[in-house]
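A.B. asks: Numbering (full-length UniProt numbering), first residue to last: 1 to 422.
Input: one structure, supplied below.
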């Protein structure tokens with residue numbers, strides 16, 4: 001296959017308030033140039049055609065993958081050599097299939113204008129010529145006509161694989177990594193492990209206030225398991241305690257990690273993540289600017305075990321019904337065995353409400369979290385990210401002050417080094 005380096009991850013991605021996006025690309029060392037916002041001038045029919053055509057490309061790409069065929073070995077080839085060759089081909093095939101599944105799932109799960117952004121990018125990615133030079137496309141008609149007929153070859157598949165890997169390695173993996181570095185608000189006061197991420201006093205106070213607000217809104221309970229905050233045991237009477245089935249250590253869980261706007265939020269890596277979040281959900285960065293990252297709309301109360309799964313993108317909320325004072329969600333996971341039976345809600349349903357004037361968790365933020373979680377968990381990419389984060393932890397690149405700016409750069413370097421060869 002042809003070798004191709006796609007660099008959507010550069011910090012030249014610019015989201016516009018009207019939902020448009022401008023992307024600057026550097027293709028195989030060529031001069032950087034602007035590509036977009038193409039869909040800003042599209043009419044409704046053209047937008048539908050772009051979405052449909054991107055889906056056709058993904059379907060065509062999917063037909064590329066068939067179960068690996070048994071190898072026919074030369075008589076001189078030893079059994080060990082044959083086994084190693086088969087294993088390498090199998091791992092490469094699986095990596096490519098995971099990339100396809102990840103991009104396909106992400107495309108179908110991200111909402112609205114973000115899906116259109118990704119559709120345009122899929123079509124532009126498929127429009128590189130044999131020299132890996134991005135074709136000049138001026139408008140919707142240009143992109144639709146240039147990307148027909150549908151002919152998937154090795155070079156185009158390599159381009160699409162790299163697009164998937166960039167989104168996985170430069171958005172989803174760091175998003176998970178930053179959840180790990182976000183202080184669990186209950187542990188701001190005391191952390192059993194003895195480790196508390198470095199935060200200044202104003203952040204400490206803001207997180208403490210957030211926890212109290214979110215606990216009040218969520219009725220002093222984990223929104224999933226219904227367990228009460230264990231601190232209540234010390235001052236409630238027997239009648240009040242009887243209203244709770246169980247008690248646990250509860251944590252204020254950020255939907256978008258606090259560390260995105262933490263002390264090192266201006267780092268290049270975090271600017272890059274926000275750019276990609278604006279790519280899949282235009283304007284979302286403006287909703288969580290500054291201290292807004294620590295507002296009740298970006299937080300829910302969960303017990304420790306569920307907080308961990310939510311931060312790892314292994315647990316998510318799927319919207320089912322909008323009520324007058326809240327929203328009904330279906331709780332989902334890629335593997336039900338990850339969650340203890342006693343923690344799971346009846347009928348898989350959870351209601352997240354507004355209470356006492358405190359905003360319910362943002363439907364938009366939960367929808368974005370869900371899209372990332374579904375794409376990672378159901379594609380096999382989640383396993384790749386698990387391995388990536390373990391490798392990053394083994395290198396012990398976390399700075400002594402607890403900052404993550406260098407950590408994210410190291411995470412990306414590890415991810416690139418482990419990509420399958422073209």
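Backbone N, C-alpha and C fix where the C-beta goes; we use that ideal spot for every residue, glycine too.
1) Rounded to whole angstroms, how far is the Cβ of residue 382 from the Cβ of residue 314, which I believe are closer than 8 Å?
2) Candidates 324, 327, 303 and 330: which alpha carbon is nearest residue 342's?
3) Do residue 106 and residue 371 have their beta-carbon atoms positioned less than 8 Å apart in this structure?
4) Counting C-beta neighbours from all protein chains within 10 Å, is the total for residue 200 16 or more, i.e. buried, or is it exposed?
5) Quick one: what's residue 247 bridged to in DSSP?
6) To the nearest angstrom, report how far apart residue 110 and residue 277 are at their CA atoms.
7) Under DSSP, the beta strand (DSSP E) around residue 49 begins and ends at which residues?
8) Bridge partners for residue 350 per DSSP, in chain order?
9) Would you give the residue range spanned by the beta strand (DSSP E) that residue 299 belongs to?
10) By DSSP, does residue 216 sit in helix, in strand, or in coil?
11) Under three-state DSSP, which class holds residue 270?
12) Got a sec? Which residues, its chain only, sit under 7 Å from residue 249 by beta carbon, not counting five neighbours each side?
13) Who are residue 252's beta bridge partners in DSSP?
14) Nearest-angstrom Cα distance between residue 252 and residue 226?
15) Counting C-beta neighbours from all protein chains within 10 Å, is the total for residue 387 16 or more, i.e. buried, or is it exposed?
16) Closer than 8 Å is the cut-off here; do at least three beta carbon pairs connect the segment 148-168 with the segment 48-66?
17) Taking just the CA atoms, how far does residue 390 sit from residue 104?
18) Residue 41 lies in the alpha helix (DSSP H); which residues open and close that run?
19) DSSP state of residue 314, grouped into three classes?
20) How close, in whole Å, do the beta carbons of residue 348 and residue 331 come, if the pair is a contact with beta carbons under 8 Å?
21) Note down the Cα distance separating residue 287 from residue 238, rounded to an integer number of angstroms.
22) Here's the rule I'm using: 16 or more other beta-carbon atoms within 10 Å means buried, otherwise exposed. How should residue 327 be labelled?
23) Identify whether residue 152 lies in helix, strand or coil by the three-state DSSP scheme.
24) Ignore the nearest five residues each way along the sequence and tell me which others in residue 180's own chain have a CB closer than 6 Å to its CB.
25) Helix, strand or coil for residue 339? Go by DSSP, reduced to three states.
26) Where does the unbroken alpha helix (DSSP H) through residue 119 begin, and where does it stop?
27) Is there at least one Cβ from chain D nearer than 8 Å to residue 323's Cβ?
28) Roughly how many angstroms lie between the CA atoms of residue 281 and residue 169, to the nearest whole one?
29) Use the C-beta contact count for residue 356: other C-beta atoms within 10 angstroms, 16 or more gives buried, fewer gives exposed.
30) Distance check for residue 182 and residue 119, CA to CA, integer angstroms please.
31) Can you grab the Cα-Cα spacing for the pair residue 283 / residue 163, in whole Å?
32) Tell me which same chain residues have a C-beta within less than 8 Å of the C-beta of residue 396, skipping the five on either side of it?
33) Is residue 319 helix, strand or coil by DSSP?
34) Pick helix, strand or coil for residue 187, following the three-state DSSP scheme.
35) Who are the near neighbours of residue 310 in its chain, counting only those whose CB is closer than 7 Å to its CB and skipping five residues on each side?
C.D. replies: Concretely, from the data shown:
1) Indeed, because the Cβ distance is near 7 Å, the residues count as touching under 8 Å.
2) For the set 324, 327, 303 and 330, the Cα lying nearest the Cα of residue 342 is the one of 303.
3) Going by C-beta atoms, residue 371 is nearer than 8 Å to residue 106.
4) For residue 200, the number of other beta carbons within 10 angstroms of its own is below 16, and it is reported as exposed.
5) Partner(s): 228.
6) Rounded to the nearest angstrom, the two C-alpha atoms are 11 Å apart.
7) First-last for residue 49: 44-62, but that is the alpha helix (DSSP H), not the beta strand (DSSP E).
8) Beta-bridge analysis with DSSP links residue 350 to 329.
9) Here the beta strand (DSSP E) through residue 299 covers 299-303.
10) Helix.
11) Here residue 270 sits in helix by DSSP.
12) Taking residue 249 as the centre and dropping the five residues before and after it, the same chain places the C-beta of 186, 230, 303 and 304 closer than 7 Å to its C-beta, in chain order.
13) For residue 252, the beta-bridge partners assigned by DSSP are 301.
14) Roughly 14 Å between the two C-alpha positions.
15) Answer is exposed; the Cβ neighbour count stays below 16.
16) At 8 Å Cβ cutoff, the stretches touch.
17) For residue 104 and residue 390, the distance between alpha carbons rounds to 26 Å.
18) Element bounds for residue 41: n/a, residue is neither H nor E.
19) In the structure shown, the three-state DSSP call for residue 314 is coil.
20) At roughly 5 Å, the Cβ-Cβ gap stays under 8 Å, so residue 348 and residue 331 are in contact.
21) If I take the Cα positions, the gap works out to 43 Å.
22) Per the 10 Å Cβ criterion, buried.
23) Here residue 152 sits in coil by DSSP.
24) Cβ-Cβ distances below 6 Å link residue 180 to nothing in the same chain once the five nearest sequence neighbours on each side are left out.
25) Coil at residue 339, not helix or strand.
26) 112-125 is the extent of the alpha helix (DSSP H) around residue 119.
27) Protein chains in the displayed structure number just one, and chain D is not present.
28) Rounded to whole angstroms, residue 281 to residue 169 spans 18 Å at the Cα level.
29) With a 10 Å radius around the Cβ and a threshold of 16 neighbouring Cβ atoms, residue 356 comes out exposed.
30) For residue 119 and residue 182, the distance between alpha carbons rounds to 32 Å.
31) Looking at the two C-alpha atoms, the distance is approximately 22 Å.
32) With a pLDDT of only 49 at residue 396, under 50, the local geometry of the prediction cannot be trusted, and the value read off the model is given with reservation. Nothing meets the Cβ criterion.
33) Strand at residue 319.
34) Its pLDDT being 41, under 50, residue 187 is placed unreliably in this model, and the value from its coordinates should be taken loosely. In the structure shown, residue 187 falls within a helical segment according to DSSP collapsed to helix, strand and coil.
35) Hits under 7 Å: 253 and 302.
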